[in-house]
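Numbering (the working numbering) for the sequence shown: 5 to 151. Where a beta carbon is used, it is the ideal one built from N, C-alpha and C, also for glycine. From a predicted model like this one, the values you see are computed outputs, not experimental measurements. Step one of this worksheet: look at the structure below.
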Amino acid sequence: MRFRYLLLLPLACNFIGCATHVSSQQTMADDRNLVYEDTYKAYREAEEKYLNLLFNIERMPEEEELWVLKRERMLELMQLKELMLNARVELDGAIQEWERHLLDVQAEVKSREIKKLNPNFKGRDAERTSPGQLLPGEAKKTPSFNY
């Protein structure tokens, strides 16, 4: 669930074709992703150190230094967790901003699309891509055979 948005980044990039043009929204999302990854790694390392410390306290509960270190590591772990969650919120916001930008670009491209008409036909027939193609609504018209 955490990396759901990260999996959408390459798909969205390929969908719109932003591989050659990097928008400021994409750059912001990439930067926020790097910050989140760094804080996540730091949190995991601190969590591992804290678990090792708890194991050492179980083996040597009489060591006063371990109990002091436990409080310090717990505070560090809570701070890193808060930083990681804030980085994730910023990443989600940046990704949503990028998605809005992609939708705007897609709408702009769609509005610029000009319907190509076949120069070999005139009038409504110019909408046909081939001589036998039925246009919308033509299939409903059935010829009446009154003999």
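DSSP places G97 in the uninterrupted alpha helix (DSSP H) bounded by 68-116. Note on geometry: alpha-carbon atoms of D35 and L57 lie some 33 angstroms from one another. Just so you know, the alpha carbons of W71 and L87 end up roughly 24 angstroms apart. In the assembly as shown, L138 is an exposed residue. Its beta-carbon has fewer than 16 other beta-carbons within 10 Å.
By the Cβ rule, the region 73-91 counts as touching the region 36-50, because three or more pairs are nearer than 8 angstroms.
Collapsing the DSSP output to three states places R128 in a helix. For the options V109, T133, A143, E68, the alpha carbon positioned closest to that of Q29 is the one of V109.
The C-beta distance from A91 to Y40 rounds to 4 angstroms, short enough to meet the 8 angstroms contact threshold.
In the three-state DSSP reduction, T43 falls in the helix class (H, G or I). Annotated three-state conformation of E62 is helix, per DSSP. Assigned with DSSP and collapsed to three states, L138 falls in coil, not helix or strand. If you check the CB distance, L95 and N37 come in under 8 angstroms. Secondary structure of S28 (DSSP, three-state): helix.
In summary, T31 is exposed, with fewer than 16 beta-carbon neighbours lying within 10 Å of its beta-carbon over all protein chains present. Within the model, the alpha-carbon separation for R128 versus V113 is close to 25 angstroms.
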